[in-house]
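S.K.: Pasting a structure here, questions to come.
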Amino acid sequence: MEKLFYDLIVELHIREGFSQVLYQNHELFDFPMTRTNYDRMREHFLRVFVYKEDTDRVEDFWNDDSIEVFIGNGHRPSMSHMEYRISTKKGVRWVDQVVFYAANEGVRGGLVVMLRDITDAKGERMDDLTEEDRKLHDLIGLPDIYAFYKNAEELLKKHPEKKFVLINSDINNFKLYEAIYGKERAEALLQMVADALKQMLTKTIGTVGYLGDDYFTCLIAVNHSVQDIVALAKREIQIMADTNMGFSESVGIYEITDPNEPVPQMYDKALLALNTVRYNYKDNVAVYKPGFFLSKDRENALINDIRRGIQAGEFTFYTQPVVDVTTGKTVSLEALVRWVKDGKVISPGEYIPLLERTGYVVMLDQYIWERVFERQRAMLDQGVETVPCSVNVSRMDFELIDLIQVFRGLKEKYQMDPHLIGIEVTESAYAENYAIVQKNVSQLRALGFRVYLDDFGSGYSSLNSLGDMKLDILKLDMKFVQGKDEQKTVKIMESIVNMAHLLNLPVVCEGVETEAQLKMVKALGIYYVQGYYYYRPFPYNRMEEMLRAGDCVQAEGIQLHRADRIHMGEMFDDNVYSDTLLNHILGPVAFYEMDAAKNVTLVRVNDLYYNIVGREALEDKSYEKHITDYVINKEEVVKLLEQAEKNPLTGSQADILYRRSDGQQLTLHTHAFLVSRNEEGIGRYFVSMRNFTVLYDRIRKEIRQELKENDK
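Residue numbers (this note's numbering): 20 to 731.
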């Protein structure tokens with residue numbers, strides 16, 4: 020969860036008599052997030068938390084007469100500021116308190132109080148940085164956050180007549196970028212962003228800052244509307260994505276209306292806007308809107324309602340089967356959370372995004388995980404053979420709890436065969452914190468759990484990175500095809516499926532709803548599907564009935580289908596199989612084309628072919644070459660390919676004499692198959708070879724020896 024600049028934010032409704040914690044840094048505080056009586060809260064805070072020597076000073080500030088200045092009908096100062104010491108979970112700390120009247124934020128007749136830990140800030144800021152971080156700051160060449168605040172304050176005072184915006188940016192999945200491309204290239208990406216910001220300052224008044232990791236901030240004077248700024252930001256983001264393999268930024272913008280507002284407060288508002296679009300690859304720019312504090316009040320009320328709902332047993336899980344298309348039987352289940360309140364099912368879309376953003380999703384996830392273990396155990400105790408059921412693990416689960424301890428504990432508590440529990444991890448979770456997720460996944464697999472990679476293709480993972488991920492099952496979604504160039508997307512899916520099968524990964528396609536989609540999935544060589552075509556999600560008790568019946572389930576679960584159909588045509592595509600892969604899988608191979616004039620041309624060969632004919636591996640990469648220039652009897656090759664067309668299933672075979680580049684003759688046993696014929700009448704052929712030269716030389720030698728003996 021993103022840490023704000025302030026460590027505690029509290030909303031005070033003085034006249035209504037209550038207070039509400041909106042945000043707190045749990046490393047320092049652990050206040051209840053529910054509404055609290057204002058008078059009791061103030062008394063408790065002054066007597067328990069405020070350092071004794073500072074109590075009188077703080078109490079003077081919070082007496083009724085002083086507070087009335089903020090909320091009365093008379094003069095309302097925009098902000099009040101003071102420093103004092105309080106007790107925290109880390110001991111006594113100095114805090115900077117900012118209080119402002121928040122009617123313009125949707126808090127009617129209320130105040131917002133923000134505390135920031137400044138204990139360490141009283142020393143040298145850069146002393147907190149590691150040597151590596153300090154070098155990175157020097158490389159980027161931009162002010163740190165504290166210098167940025169100072170520069171921004173001076174700029175706002177110097178140019179009160181100008182319109183300014185504060186912009187925060189964050190490079191999406193930067194840790195994954197560094198894991199794939201290396202530290203040096205990652206630093207070059209940061210340098211590129213920094214250079215772009217420096218270049219921007221040559222065109223307008225402003226200041227920029229580097230906050231560490233992949234965070235940047237800037238304050239700039241603008242002459243455009245905020246809509247124009249958003250459009251400009253989106254164009255710059257697209258340019259960055261186009262030049263960096265799809266990796267781009269998320270941006271939050273705060274339009275400054277009061278130049279006297281504290282700059283850290285401006286920064287927080289831009290950050291809050293950024294957090295609403297973080298990892299959203301379509302809508303990646305957001306503008307802060309008034310009403311945030313009011314919306315936070317609603318969010319906290321919803322979180323409290325969710326807590327109550329969990330305790331009241333209102334949360335349960337539905338199951339959606341995964342079906343084997345060859346049998347139509349259920350081979351596994353996915354557990355999907357459902358909130359049944361007052362007899363109505365509340366859509367997960369109304370609460371899951373909030374829980375994921377705030378981190379409270381870990382509370383609900385753990386509750387659902389245990390219910391799944393519990394129901395699976397119950398079925399086994401009744402003597403019913405069940406199928407594996409997978410649970411979803413969010414990115415916040417990896418960050419906030421000890422996943423290994425949790426799942427080990429559940430496994431032991433319910434004496435569960437781990438193969439009956441699947442763990443689904445989204446590609447975006449991998450992308451956001453690759454090292455941590457990879458480590459946890461490896462340990463979960465060591466415990467015996469099967470790990471699914473969910474939504475592959477929705478983020479920035481490549482086919483190459485798929486081989487590095489330690490997984491058991493790959494899940495693709497039909498939404499991958501929708502709204503795009505379907506023909507192109509299907510080819511991409513086909514490449515993913517082929518790579519998965521080469522890595523011994525079974526593939527599940529979810530979101531299959533129509534007969535046409537099912538046919539396409541089957542054509543791609545996918546044997547497992549999930550979606551409305553077979554089943555909508557339904558309560559687990561219905562699944563229990565299916566399991567007891569036993570005639571529509573396969574208890575062995577998802578397995579790799581070994582007899583997968585090979586699509587030969589795709590081997591002509593460099594994007595599917597690399598030369599190295601072909602080299603080691605197929606042995607010496609070549610791909611020929613023959614036109615109507617009987618000209619036979621090389622299309623593609625592998626290194627073992629080059630080794631046989633005695634040519635360097637890169638020699639023929641840049642041009643096509645007639646294969647008949649290499650053979651002694653050209654008609655034999657033409658005849659071989661013509662026979663292959665007449666025998667499409669078995670192809671044709673012949674022993675053909677080739678001439679190496681050094682003049683040596685080779686006898687190659689050549690097996691050819693017709694792959695396709697295009698509109699121009701050009702046929703494509705797959706040709707495999709075995710070097711029979713030694714065998715033929717030995718036979719010739721034996722024949723000569725036998726003739727010699729006969730002559731004698």
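Here a beta-carbon is modelled for each residue, glycine too, at the ideal position from N, C-alpha and C.
Note that the structure is a prediction, hence the values are computed from the model and not measured.
Could you please give the first and the last residue of the uninterrupted beta strand (DSSP E) stretch that includes residue 183?
M.R.: Looking at the DSSP string, the run of the beta strand (DSSP E) that includes residue 183 is 183-190.
S.K.: Whose C-beta lies closer than 6 Å to the C-beta of residue 513 among residues of the same chain, with five residues either side of it excluded?
M.R.: Taken in chain order, the residues that qualify are 543.
S.K.: With 16 other CB atoms within 10 Å as the buried threshold, where does residue 571 fall?
M.R.: Label assigned to residue 571: exposed.
S.K.: Hey, could you find the ends of the beta strand (DSSP E) residue 351 is sitting in?
M.R.: Segment 348-360, the beta strand (DSSP E) holding residue 351.
S.K.: Note down, one range per segment and in chain order, each beta strand (DSSP E) of at least 3 residues found wholly within the stretch 657-726.
M.R.: Listed in chain order, the complete beta strand (DSSP E) runs (minimum 3 residues) inside the stretch 657-726 are 671-678, 684-696 and 702-710.
S.K.: For residue 200, which three-state DSSP category applies?
M.R.: Three-state DSSP puts residue 200 in a helix.
S.K.: Flag this pair as yes or no: are the beta carbons of residue 348 and residue 341 separated by less than 8 Å?
M.R.: No. Outside cutoff.
S.K.: Assess, as a yes-or-no matter, whether the stretch 655-667 is touched by the stretch 624-631 under the definition of 3 or more beta carbon pairs within less than 8 Å.
M.R.: Contact fails: fewer than three Cβ-Cβ distances are below 8 Å.
S.K.: According to DSSP, simplified to helix, strand and coil, what is residue 642?
M.R.: The predicted model places residue 642 with a pLDDT of 33, which falls under 50 and marks its position as unreliable; any figure quoted below should be read in that light. Coil at residue 642, not helix or strand.
S.K.: Going by DSSP in three states, residue 50 sits in which element: helix, strand or coil?
M.R.: DSSP places residue 50 in coil when its eight states are reduced to three.
S.K.: Inspect the beta-carbon positions of residue 472 and residue 497 and report whether they are closer than 8 Å.
M.R.: No, these two residues do not count as a Cβ contact at 8 Å.
S.K.: Which term fits residue 67, buried or exposed, when burial requires 16 or more other beta carbons within 10 angstroms of its beta carbon?
M.R.: The residue is exposed, with fewer than 16 neighbouring Cβ atoms inside 10 Å.
S.K.: Under the assumption that residue 551 contacts residue 350 (Cβ atoms under 8 Å), give the Cβ distance between them as a whole number of angstroms.
M.R.: In fact, because the Cβ distance is near 18 Å, the residues do not count as touching under 8 Å.
S.K.: Taking the continuous alpha helix (DSSP H) assigned at residue 286, which residues delimit it?
M.R.: Start and end: 282-294.
S.K.: So, at 6 Å on beta carbons, what are the nonlocal neighbours of residue 116 in its own chain, with the 5 sequence-adjacent residues on each side left out?
M.R.: Once the five neighbours on either side are set aside, the close Cβ partners of residue 116 are 101 and 134.
S.K.: DSSP on residue 548, reduced to helix/strand/coil?
M.R.: Residue 548 falls in the strand class under three-state DSSP.
S.K.: Which residue's Cα is closest to the Cα of residue 687: 652, 33 and 74?
M.R.: That would be 652, whose Cα lies nearest to the Cα of residue 687.
S.K.: On the DSSP letters alone, give me the boundaries of the alpha helix (DSSP H) that residue 494 sits inside.
M.R.: Looking at the DSSP string, residue 494 is not in any alpha helix (DSSP H); the run it does join, the beta strand (DSSP E), is 492-496.
S.K.: Just verifying my parser: in three-state terms, what is the DSSP assignment at residue 434?
M.R.: Correct three-state label for residue 434: coil.
S.K.: Buried or exposed for residue 364, please, with buried defined as at least 16 other CB atoms from any protein chain shown within 10 angstroms of its CB.
M.R.: Flag for residue 364 reads exposed.
S.K.: Since residue 39 and residue 50 are thought to touch, with beta carbons under 8 Å apart, how far apart are those beta carbons, to the nearest angstrom?
M.R.: So it is not a contact: roughly 10 Å between Cβ atoms.
S.K.: Does the stretch 386-399 touch the stretch 407-423, meaning 3 or more C-beta pairs lie closer than 8 Å?
M.R.: Touching, yes.
S.K.: What is the DSSP secondary structure of residue 339, reduced to helix, strand or coil?
M.R.: In this structure, residue 339 counts as strand in the three-state DSSP scheme.
S.K.: Going by beta-carbon coordinates alone, are residue 235 and residue 245 separated by less than 8 Å?
M.R.: No, the pair does not count as a contact, with Cβ atoms beyond the cut-off.
S.K.: May I ask you to check if the CB of residue 554 is nearer than 7 Å to at least one heavy atom of the ligand FAD?
M.R.: Ligands are entirely absent from the displayed structure, and the ligand FAD is therefore not among its contents.
S.K.: Tell me, which residues are paired with residue 103 by DSSP?
M.R.: DSSP output for residue 103 lists 114 as bridge partner(s).
S.K.: Which word fits residue 285, buried or exposed, when buried means at least 16 other C-beta atoms lie within 10 angstroms of its C-beta?
M.R.: Buried: at least 16 other Cβ atoms inside 10 Å.
S.K.: Consult DSSP for residue 278 and reduce its assignment to one of helix, strand or coil.
M.R.: Coil at residue 278, not helix or strand.
S.K.: Let's test the definition: count the other Cβ atoms within 10 Å of the Cβ of residue 137 and tell me whether it reaches 16, buried, or not, exposed.
M.R.: So residue 137 counts as exposed.
S.K.: Evaluate the contact criterion for the stretch 681-696 versus the stretch 706-718: three or more CB pairs, one atom per stretch, below 8 Å.
M.R.: Contact holds: three or more Cβ-Cβ distances are below 8 Å.
S.K.: Alpha carbon to alpha carbon, how far is residue 278 from residue 240?
M.R.: Taking the straight line from one Cα to the other gives about 12 Å.
S.K.: Going by Cα to Cα distance, which pick from 452, 354, 202 and 427 is closest to residue 192?
M.R.: The candidate whose alpha carbon is nearest that of residue 192 is 452.
S.K.: Would you kindly work out how many angstroms separate the C-alpha atoms of residue 160 and residue 390, rounded to a whole number?
M.R.: Approximately 52 Å, taken between the alpha carbons.
S.K.: Got a sec, what are the start and stop residues for the alpha helix (DSSP H) residue 392 sits in?
M.R.: Residues 380-400.
S.K.: Using DSSP bridges, identify the partner residues of residue 528.
M.R.: 495 and 548.
S.K.: My guess is that residue 423 and residue 463 are in contact by the Cβ rule of under 8 Å, so how many angstroms apart are they, rounded?
M.R.: With a Cβ gap of about 7 Å, residue 423 and residue 463 count as contacting.
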